[in-house]
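Student:
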């Protein structure tokens, strides 16, 4: 039994990366094991927990429900790509300021989700912020500080845009 | 000058790596390692007749296949029973790979090692195991009937039976006290199964160094020191040749304190045998069916009380489902039976439990560890007494409280650590007063009436608990100041998100008078600290926090002694501020701690400018004294241990207001209030975070989470799709207030905080739903469907 390798070429965090992967290789595994970007985590492998969320052409997707070969030629942003020039993004800063993480395992998924959300909705209401993070599981924080961080990130972003 | 960091909401030092994707969790390590995967039993109870691996042999990238018959020596024996107890007369543990019989769905039968996980799973799928299916035992009632047995040699499926009895005034037994009481009540309670389900499952990665004959193992564990000893024992390796490291761990909540898991001995064994790096990363389904569960109990309660609601006698009989094996002994039902008493004085108490085998996943501590069940029992009892007497629920509780002047208070029982159940300190009336104010207890009837006028149904509930925290036997700390002025702190216990790198650094910085930026903390790495117990039972801050403080005090004393000599001052006149040792009130007479570290270690060789100052020819040492004085050691470092006589007892009280939907029977938590007392707070931000997370897990247990087994022992909801953990939409905003009654038992005056949040939540929500609906709630969780049926039965 031999698997056929497929050549994929992705732009990950602004850098062109190439790999040869079997057709069944999940994007999450490709990022983690083929490209060595282990910041993206896998919590359930069936798209429920959201820990593996990355941005595909800017939109959040579950990388554990995506085959690497299907995103050939696309742009991916992972948690490793959120900071710019060594400076933490507003969402990253807000998460640490608000103590929005404990074990940190689910955090990359939240960070990617919230980054995309605030880009599209820079001044969310309580309800909108709640909805935005309601697809990600966290077993440590009870979410209260995560919600606080969403609003704080919006604030930081607004301050920076001013 | 030096900021006092103890007690401040210092931001976490862990975060920088975790928010940038630079954390190192188990599966982030060992990029080139071989992958292990397991064939697990699809049956709850069966005899293995034959294992045929032939079809798997053609799988490309296959490296090895192992069954029980391949295991040598101690590895072929059952896994250890970690906490023996005289009452556990029929303790049983599993083999690392099943030998002849499987006793729950998910039990590992065959181990496969291949080039990657995909290929290892391909091979697993091609291995044929023939089973003779045996009758499964599922459910507590079915198990106690004892018609079918989980273990042939355990009659009645009863692993342990324990009675604890505390006589009342005048030596009355609980039964006598109840029979003589003006009022009595008798009822049954049911608590469902749940599980820790950390977002990161378990995982093990092993590297064998054949040249050195040594093994390095990374495990997603709550106890690296104990895993190390277990591996050395199982593989027959000298202890110094084994090192175990807990890297970043993606949550634990109890399940990762159990050790060694089969994979924790099998993966290192295979790595050594194959002389290749091997890694196993648990997937989510594996975690559901092969890690631990908790909570499941049936309780029969009899209470006798007076007109004020004071409990004169209490009898509780607990049937505790411990699943197929008992690797962690009977800690959970022991904690239920002892912590059931909460903040109350009960006249006479008798508690009896039977710990029972079923063909399901084993039961070991999950955050709260038996307390949620005990508190559910006691708090349901308090509410029923109040209802029976027509009294306010908080008044009945207050009538039973241990009073502030009664500490230390001896409950007359033996706690889970084998020590007397003596509460160290607390102020329960004040906590209740604060809670009532926070939630607006006294004005709730008006709120409820207003809601009713709008056609809405709301209710308020309350729950109190006492939590034994910081159990022994000990933890240690090592603190070293190096000649660059940096402070290196290590402790053996592990971290799974509690922020230990931050709080232990706060303690060290405060004790030593150095900026926190100079302090680094390492936990759970046996290369740095070999003696430890582990992180569980809300013990890390109490145990390692105090050990590190004591180690720092040793270092400080030595630093002052050396500095005094250099400054020609009396050590009693010296202070350390911002990393400088100076004469109090004379900042100019000072010497940096870094230089003290240099002076503490007389050198022969000058490898840099700092070292040059410590060489034999540089110092003022006198000719008639050895360079290292008698009783001294070179280096500015200290090691100390903290070993308490008994546990500290934290406490808390929660209240909730819920709304129940008249049509859909959905339960929504409108408000949730917490008053929490864990003694002195090291970092209030982190303590609050722990409470939030605990309450969220409690909400899961109260309203959503259960393990649904069918009669065949199949776990029907073994996925995050079907096992309903709360999302952000299910967890209310939590309002917190802190009360600080310091513990007199330890130097820092602290108590544990890790589990607190989860403990009373089921009791609180039951209380509130009952108040809203006027329906007796006797089981948790309560789903909309459950509530709908309860309404129909009314």
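Protein chains in written order, with this note's numbering: chain A, 210 to 371; chain Z, 2 to 795.
The beta-carbon is built from N, C-alpha and C at its ideal position, and this holds for glycine as well.
Quantities reported herein were computed from a predicted structural model and do not represent experimental measurements.
1) Identify each residue in the region 490–508 of chain Z for which the Cβ-Cβ distance to at least one residue of chain A is less than 8 Å, and report them in chain order.
2) What residues of chain A sit near residue 219 of chain Z, judged by a beta carbon separation below 9 Å?
3) Using the beta-carbon count (16 or more within 10 Å), is residue 134 of chain Z buried or exposed?
4) Assign residue 450 of chain Z to buried or exposed, taking buried as 16 or more other Cβ atoms, counted over all protein chains shown, within 10 Å of its Cβ.
5) By Cβ distance, which residues of its chain are closer than 6 Å to residue 656 of chain Z, with the 5 residues on each side in sequence left out?
6) Just checking: is the beta-carbon of residue 693 of chain Z within a distance shorter than 8 Å of some beta-carbon in chain A?
7) Compute the distance between the beta-carbons of residue 641 of chain Z and residue 548 of chain Z, then report whether it is under 8 Å.
8) Sorted by chain position, which residues of the same chain lie with C-beta nearer than 6 Å to residue 286 of chain Z's C-beta, five sequence neighbours on each side aside?
9) Is there a Cβ from chain Z that is less than 8 Å from the Cβ of residue 247 of chain A?
10) Quick check on the DSSP output: what are the complete beta strand (DSSP E) runs of length 3 or more inside the region 144–184 of chain Z, in order along the chain?
11) Check whether the region 400–414 of chain Z touches the region 471–489 of chain Z, counting contact only when three or more Cβ pairs, one atom from each stretch, lie closer than 8 Å.
12) Could you tell me whether the region 348–364 of chain A touches the region 729–737 of chain Z, using the rule of 3 or more Cβ pairs below 8 Å?
13) For the pair the region 143–156 of chain Z and the region 93–106 of chain Z, tell me if three or more CB-CB distances fall below 8 Å.
14) Could you check whether the Cβ of residue 330 of chain A sits closer than 8 Å to any Cβ belonging to chain Z?
15) State yes or no: is the C-beta of residue 504 of chain Z within less than 8 Å of the C-beta of residue 312 of chain A?
16) For residue 416 of chain Z, does the count of other Cβ atoms within 10 angstroms reach 16, so buried, or fall short, so exposed?
17) Where does the unbroken beta strand (DSSP E) through residue 334 of chain A begin, and where does it stop?
18) Would you kindly check if the distance between the Cβ of residue 110 of chain Z and the Cβ of residue 130 of chain Z is under 8 Å?
19) With 16 other CB atoms within 10 Å as the buried threshold, where does residue 2 of chain Z fall?
20) Could you please tell me which residues of the region 297–323 of chain A, in chain order, have their CB closer than 8 Å to any CB of chain Z?
21) Does DSSP classify residue 615 of chain Z as helix, strand or coil?
22) What residue does the beta strand (DSSP E) around residue 673 of chain Z start on, and which one ends it?
23) Here's a check: name, in chain order, each residue in its chain whose Cβ is nearer than 6 Å to the Cβ of residue 523 of chain Z, leaving out the five neighbours to either side.
24) Is residue 3 of chain Z close to chain A, meaning its C-beta is less than 8 Å from at least one C-beta of that chain?
25) Could you pull the start and end residues of the beta strand (DSSP E) that residue 693 of chain Z belongs to?
26) May I ask you to report which of helix, strand or coil DSSP gives residue 465 of chain Z?
27) So, at 6 Å on beta carbons, what are the nonlocal neighbours of residue 581 of chain Z in its own chain, with the 5 sequence-adjacent residues on each side left out?
28) Strictly under 8 Å for the Cβ-Cβ distance: is residue 366 of chain A near chain Z by that measure?
29) Does the count of Cβ pairs from the region 196–214 of chain Z and the region 15–27 of chain Z closer than 8 Å reach three?
30) With residue 280 of chain Z and residue 76 of chain Z assumed to form a contact (beta carbons below 8 Å), what rounded beta-carbon distance in angstroms separates them?
31) Comparing the C-beta of residue 273 of chain A with each C-beta of chain Z, is any distance below 8 Å?
32) Compute the Euclidean distance between the alpha carbons of residue 297 of chain Z and residue 136 of chain Z, then round it to the nearest angstrom.
33) From residue 773 of chain Z to residue 795 of chain Z, what does the alpha carbon distance come to, in whole angstroms?
34) For the putative contact between residue 8 of chain Z and residue 683 of chain Z, defined by C-beta atoms under 8 Å, what is the C-beta separation to the nearest angstrom?
35) Is residue 281 of chain Z helix, strand or coil by DSSP?
Tutor: Based on what the coordinates show:
1) 497, 498, 499 and 500
2) The residue given as residue 219 of chain Z occupies position 218 in the second chain. Within chain A, no residue comes near residue 219 of chain Z; the closest Cβ sits about 13 Å away, beyond 9 Å.
3) For the purposes of this step, residue 134 of chain Z is taken as residue 133 along the second chain, with counting starting at 1. The residue in question, residue 134 of chain Z, is exposed, as its Cβ has fewer than 16 Cβ neighbours within 10 Å.
4) As a working note, residue 450 of chain Z is residue 449 in the second chain. It is exposed - the Cβ of residue 450 of chain Z has fewer than 16 other Cβ atoms within 10 Å.
5) As a position in the second chain, residue 656 of chain Z is number 655, starting the count at 1. Closer than 6 Å at the Cβ level, and outside the excluded window around residue 656 of chain Z, lie 436, 440, 463 and 674.
6) Reading the second chain from its first residue, position 692 is the one you call residue 693 of chain Z. Cβ-Cβ to chain A under 8 Å: yes for residue 693 of chain Z.
7) Against the second chain, residue 641 of chain Z aligns to sequence position 640. Against the second chain, residue 548 of chain Z aligns to sequence position 547. Yes, the pair counts as a contact, with Cβ atoms nearer than the cut-off.
8) Your numbering for residue 286 of chain Z matches position 285 in the second chain. Same-chain partners within the cutoff: 719.
9) For the purposes of this step, residue 247 of chain A is identified with residue 38 of the first chain, where counting begins at 1. Cβ-Cβ to chain Z under 8 Å: yes for residue 247 of chain A.
10) 159–167
11) no
12) yes
13) yes
14) As a position in the first chain, residue 330 of chain A is number 121, starting the count at 1. With 8 Å as the cut-off, residue 330 of chain A does not count as an interface residue toward chain Z.
15) Within the second chain, residue 504 of chain Z is the residue found at index 503, counting from 1. Within the first chain, residue 312 of chain A is the residue found at index 103, counting from 1. Cβ distance not < 8 Å, so residue 504 of chain Z and residue 312 of chain A don't count as in contact.
16) Counting from 1 along the second chain, the entry for residue 416 of chain Z is found at position 415. Buried is the call here.
17) Taking the first chain and counting its residues from 1, the one referred to as residue 334 of chain A is at position 125. Premise fails: residue 334 of chain A is in no beta strand (DSSP E) and is neither H nor E.
18) Here residue 130 of chain Z refers to the residue found at position 129 when the second chain is read from its first residue. Here residue 110 of chain Z refers to the residue found at position 109 when the second chain is read from its first residue. Closer than 8 Å, so yes.
19) If you number the second chain from 1, residue 2 of chain Z lands on position 1. Caution is warranted here: a pLDDT of 37 is assigned to residue 2 of chain Z, below 50, making its placement in the model unreliable, and the coordinate value is therefore given only provisionally. Looking at its Cβ environment, which holds fewer than 16 other Cβ atoms inside 10 Å, residue 2 of chain Z is exposed.
20) 297, 301, 304, 305, 306, 308, 310, 311, 312, 313, 314, 315, 316, 317 and 320
21) Along the second chain, read from residue 1 onward, the residue named residue 615 of chain Z stands at position 614. Three-state result, residue 615 of chain Z: coil.
22) What you label residue 673 of chain Z is simply residue 672 of the second chain in a count that begins at 1. 668–678 is the extent of the beta strand (DSSP E) around residue 673 of chain Z.
23) The residue you call residue 523 of chain Z lines up with position 522 of the second chain. If we look at residue 523 of chain Z and ignore the five residues flanking it on each side, its Cβ neighbours are 491 and 529.
24) Position 2 of the second chain holds residue 3 of chain Z. Here the model assigns residue 3 of chain Z a pLDDT of 46, short of 50, so the residue's position is not dependable, and the following value carries that caveat. Chain A, which has no Cβ nearer than 8 Å to the Cβ of residue 3 of chain Z, makes this no.
25) On the second chain, residue 693 of chain Z is found 692 positions in, with the first residue counted as 1. Not the beta strand (DSSP E): residue 693 of chain Z falls in the alpha helix (DSSP H), residues 685–700.
26) Stepping through the second chain from its first residue, residue 465 of chain Z is reached at position 464. Strand.
27) Residue mapping note: residue 581 of chain Z aligns to position 580 of the second chain, counting from 1. Only 591 and 593 meet the Cβ criterion.
28) Numbered from its first residue, the first chain carries residue 366 of chain A at position 157. It does not; no Cβ of chain Z falls within 8 Å.
29) yes
30) As a first step, residue 280 of chain Z is located in the second chain; it is residue number 279 there, counting from the start. As a first step, residue 76 of chain Z is located in the second chain; it is residue number 75 there, counting from the start. Going by Cβ atoms, the distance from residue 280 of chain Z to residue 76 of chain Z rounds to 19 Å, so no, they are not a contact pair.
31) The sequence position of residue 273 of chain A within the first chain is 64, counting from 1. Output row for residue 273 of chain A: interface = no.
32) The residue you call residue 297 of chain Z lines up with position 296 of the second chain. The residue you call residue 136 of chain Z lines up with position 135 of the second chain. Cα-Cα distance, rounded: 21 Å.
33) As a working note, residue 773 of chain Z is residue 772 in the second chain. As a working note, residue 795 of chain Z is residue 794 in the second chain. Taking the straight line joining both Cα atoms gives about 14 Å.
34) Against the second chain, residue 8 of chain Z aligns to sequence position 7. Against the second chain, residue 683 of chain Z aligns to sequence position 682. The Cβ separation is near 7 Å, so the contact holds.
35) In the second chain, counting from the first residue as 1, residue 281 of chain Z sits at position 280. Looking at residue 281 of chain Z - three-state DSSP - the assignment turns out to be strand.
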